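Sequential numbering of the sequence shown, starting at 1, is according to the UniProt record's numbering. Beta carbons are placed, not taken as given, at the ideal position from N, Cα and C, and that holds for glycine. Just so it is clear, the structure is predicted and the values come from calculations on it, not from any experiment. Everything on this sheet refers to the single structure shown next.
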Amino acid sequence: MRLAPAAPDDVSGALAALRAEVGLPAMFPQDVLEEARAAAEKDVSAGRTDRRDIEFVTIDPPGSKDLDQAVHVEPSGEGYVVHYAIADLGAFVTPGGALDEEVRRRGMTVYGPDAPTPLHPKALSEGAASLLPEEDRPAVLWTVTLDARGVITDAAVERALVHSRERLTYAEAQSGLDAGTASESLQLLADVGRLRQSLEAERGGVSLEVPEQEVEQREDGTFALSFRRNLPVEGWNAQISLLTGIVAATIMRQGGVGILRTLPEADPRDLARLRRTARALRIEWPDDLPYARLVPTLESRIPEHAAFLNEATTLFRGAGYVAFGMPGPDGVVVPQPENTRHAAIAADYAHVTAPLRRLADRYATEICLAIQAGTAVPAWVLQAMLALPAVMVETGRRASSFQRECVDIVEASLLADSLGEEFDGVVVDVDEPAKEVQRGQIVLREPAVRARVVGPRLPLGDEVRVKLTEADVSERRVMFKLLGGHTVDPAAGRPDTPELAGPRSSAAHRSTADAGAGAAAPGPFAVPADGVAHAHGTVVLPRQAPGPESAEPPEPAPQPQPSPSPGPRPTPRPRPTPQPQPGPQPQPQPSPLPGPQRRPGAEAALGDLTRPAHGASNLPVSRPVRPQVKDEIPLSEPWPRPAPGTGSQSQPVPAVEAGALPDVVQVPRYPAVSSLELPVVAPADMLAVEGPASRAYRY
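The following block contains the structure:
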C-alpha cells in the first residue's frame, strides 16, 4: 500500500516542539558567530607540511558540505600507504573563547530530517574548515603503512596543508568501481577496505548488515520514509576511519594520556538469549562457532535473518569514553586502565575522524599530535579531559532522543489517515518472556515503517497481516494489532525480504564507523561508520529495539558486502594482491615479561608511535615486524617512559635487536604528564562514563 508523503506543516511543527523539548540549541550567539567568521578569515597555513601534492578525494552522501575526511591510498612495495586528511579544528577554535565554550555545550552535530543543529557555525563547518574540493585547507594528516594483509606496520600524524581534488558521493564512487573506471587510489581503497574487514573478523569484531531507515524531506516540503542498504564502498571507506581510530588509540595508550571510545563485552546472559532466538528462528548456530563468525553468514533479505540481526543490535551495551593521564579531582593523575577494548571493533579505539561534528575528536587529535611530536599535551586539553566523557554521553543522549523521536513523528503523520487499514509486515522483535498478550516490533514492506505490534502470539521472523490501531503525531506513537495468519503461502516458499529496517536507534553520524557530511539541500541523509551522522534533508535512522536509551548517535559499523561486479580494471602499476597469506597462522604465546596482560585483537607490527612524527618520505619501515602476530604491540627501539612516582624521569624499555623480535614485548605503562611534574600515584579509579544501550556496530 502506497501512502501520500507526510504533510510538511504537521511534521515541521512537531519537530520544532521536539527540539524545544529535548533542549537542542537554537541559533549561535552573536559573539560566537563573529569569532567563527574572524577565524575563517585567518591564514592558518604557516608551520604546516605542504602535502598539496597528494590527490585527495572526499566520499560522502549527496549534498554534503561539512567534509571531515579526505583519503588517498597508494601502493608501497607489497603493501599500501593510506593518507587520511582530517579537518583541523584546532587551527580555528581558540581555547577558552566564546566559540570553544559554545561547542562544548553542544557536544556534537544533531541531524534532523528538515535541518541540522551543527556543532560549529557554517563559516567553519561548511566553509574554511571543511575539506571542500579545489581548496587549500589545513588538516591533520594521518599516514598509515600497511603490509600485504592490511596489517598496520607504521603510522604518523602531523599538521599539513592539503588540497582535495574531487567530492564524490558514495554512489559515484561505487559506480566507478563497478565499471572499472575508478582511480587507482579508489581501487586500492576497496582492496584495503576488504582486507581490513577480514582482519576485523579475525579479531572478533562484529559488523551487522542492517538496512537503514531514511526520513527524507522532498523538494515540495513533504516527508517520506524508505529503507536503504549501504553500498560496499561505504563499508570500505568506513574501514579507513576505523583504521585511523585504532592507530590513535595506540598512540595514546603508548603515550600514557588520552581519551578512548569503549564498549564492554556482551553479557553472557544476552548471548544466551540470542542463541535462544536463533533456535526459535531455525538458524543453525553451532556451539563452537563464535558470534562474530556467525553474523557474516546472515542475510537481512531473509526474514528470519533480519529478525535475528535486529535482536543482535542490542547485544553490546554500555558504550562510553574513558580518559586517563590527566589530573583527577584530587590532583592525582588518573592512571591508564588495563582494559579499554572496544568489544564491537575488538581493539582499542578512539574518535579522531569527525571533528567538525563531534567534540571529543578535537581533543584526542591534539593529544596524538603532541605525543608524536614529543611535546607536552596542551594544558587546555588536560583540563577539559576530566569532564569530556560526561559531556559526550549527555549530548549523545540528547541527540539520540531527538533522532529517535523524529522517525516516530514522520511515521505517525504518514499513517494518520490510515487507521483501521491492514498492512503486511515481518515480526522482528518479541518481548520476553511470553505473556498472554505479547508486544513486539514489526517492519512493514510498504510504507517503510517499524512500529509496535501486539497480539496473542507474535511469530518472530514470520510475515503477518496487521491492522493499524493508533497513529498519533502529538504522542509520537504508532501501534498495530496482529490479525493472525501468515501472508505467505507456505507452498510457494519464503520470499526474500529486500527491505527490512534495523533496530530502533538514534542517528547523528554520517557513516557509522558509522558510521558515517553536510546539511543543506534536500536529499538522503546517510549514517556512515566513522562515528557521526550526515544529513541533507534526510535522516538515516537505524532503529533500535525497545530498551535503555543509547548514549550517542548511531554509528553503524562497516557492513560486510559482496565484491563489486567483476570487470576490467586499469592497473597503472603493479599492486599487491589483497589475499591473506597462505599457511598456518602463529598462535599467541604467553609473554615471559612482566607487565599488563596481552589484549586479544591488538593490532600487529606497530612499533613505538610516541616518537616525533616523520614525513611521508620516511615511511619505509626499517625495524622487523611480524604481521601475523595480532597481540601486544612489539617495540624495536628504546622507549622512555616516566618512572613510578614521578612525571618527569624516564625508564627505558630494552631495545629489541633486529632478527630477534619476540612475539610480544610487554611495556610498563605510566601516565605521561611530564609537563605538569605531578606525582604518579596508582591505583586510582579510572575516569569512565558509560551510556546505557549501545549497538553492536556503534563506534
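I'd like to confirm the pairing. Which residues does DSSP put opposite residue i in its beta bridges?
i, result
"K122", "DSSP output for K122 lists no bridge partner at all."
"T340", "Paired residue(s): none; T340 is not in a bridge."
"K481", "V454, K467"
"C72", "According to the sequence as given, residue 72 is His; it is not Cys. In DSSP, H72 forms a bridge with H83."
"M27", "Looking at the DSSP assignment, M27 forms no beta bridge with any residue, so it has no partner."
"V426", "V443, E463"
"Q438", "G455"
"T58", "R167"
"D472", "R477"
"D270", "According to DSSP, D270 bridges with nothing at all."
Could you please give the first and the last residue of the uninterrupted beta strand (DSSP E) stretch that includes residue i?
i, result
"P138", "136-146"
"G320", "320-324"
"R282", "No beta strand (DSSP E) contains R282, which DSSP labels as neither H nor E."
"L263", "Element bounds for L263: n/a, residue is neither H nor E."
Quick one: grab the DSSP three-state call for residue i.
i, result
"D114", "coil"
"M385", "helix"
"T297", "helix"
"A224", "strand"
"L177", "helix"
"V103", "helix"
"R275", "helix"
"D431", "coil"
"P327", "strand"
"V333", "strand"
"D43", "coil"
"D66", "coil"
"D53", "coil"
Hey, could you find the ends of the alpha helix (DSSP H) residue i is sitting in?
i, result
"residue 707", "Given that the chain is displayed from residue 1 to residue 699, the structure contains no residue 707 and the question cannot be resolved."
"L243", "232-255"
"V410", "388-415"
"A160", "Counting along the chain, A160 falls outside any alpha helix (DSSP H), though it belongs to the beta strand (DSSP E) covering 152-169."
"F92", "Unbroken run through F92: none, as it is neither H nor E."
"S185", "184-203"
"H351", "Here H351 belongs to no alpha helix (DSSP H), and DSSP marks it neither H nor E."
"A312", "303-312"
Going by beta-carbon coordinates alone, are residue i and residue j separated by less than 7 Å?
i, j, result
"L225", "A448", "yes"
"V71", "I246", "no"
"T58", "S175", "no"
"Q217", "P113", "yes"
"V192", "V73", "yes"
"C406", "V157", "no"
"V437", "L482", "no"
"S413", "D9", "no"
"V206", "A292", "yes"
"D429", "R445", "no"
"A350", "A201", "no"
"R52", "L161", "yes"
"V332", "L260", "no"
"E212", "R194", "no"
"A173", "V81", "no"
"R196", "R48", "no"
"F223", "V410", "yes"
"P264", "G318", "yes"
"M108", "A471", "no"
"V210", "L309", "yes"
"L189", "G150", "no"
"G79", "A148", "yes"
"T145", "T153", "yes"
"V44", "P121", "no"
"residue 711", "Y84", "The first residue shown for the chain is 1 and the last is 699, placing residue 711 beyond what the model contains."
Got a sec: does the ligand NAD put a non-hydrogen atom nearer than 6 Å to the Cβ of residue i?
i, result
"G320", "The ligand content of the structure shown is nil, which means the ligand NAD is not present either."
Notebook entry, point to check: Does the count of Cβ pairs from the segment 124-134 and the segment 66-80 closer than 8 Å reach three?
Noted result: Contact between the segment 124-134 and the segment 66-80 is present, because at least three Cβ pairs lie under 8 Å.
Notebook entry, point to check: For the 8 Å Cβ check, are there 3 or more pairs between the segment 25-39 and the segment 95-110?
Noted result: Contact holds: three or more Cβ-Cβ distances are below 8 Å.
Item checked: Contact the segment 408-422 vs the segment 383-396: 3+ CB pairs below 8 Å -> Too few Cβ pairs lie closer than 8 Å, so no.
Next item on the list: Kindly confirm or deny that the segment 455-475 and the segment 301-310 touch, where touching means at least three C-beta pairs closer than 8 Å.
Entry: Proximity of the segment 455-475 to the segment 301-310 meets the contact definition, three or more beta-carbon pairs being nearer than 8 Å.
Item checked: Inter-stretch contact (C-beta, 8 Å, three-pair minimum) for the segment 82-90 and the segment 329-338 -> Judged by pairs of C-beta atoms under 8 Å, the segment 82-90 does not touch the segment 329-338, as fewer than three such pairs exist.
Checklist line | Cβ contact (3+ pairs, closer than 8 Å) linking the segment 361-375 and the segment 250-257 | finding: Taking 8 Å as the limit for Cβ pairs, the verdict is that the segment 250-257 does touch the segment 361-375.
Checklist line | Any 3 or more C-beta pairs closer than 8 Å across the segment 268-288 and the segment 353-361 | finding: Too few Cβ pairs lie closer than 8 Å, so no.
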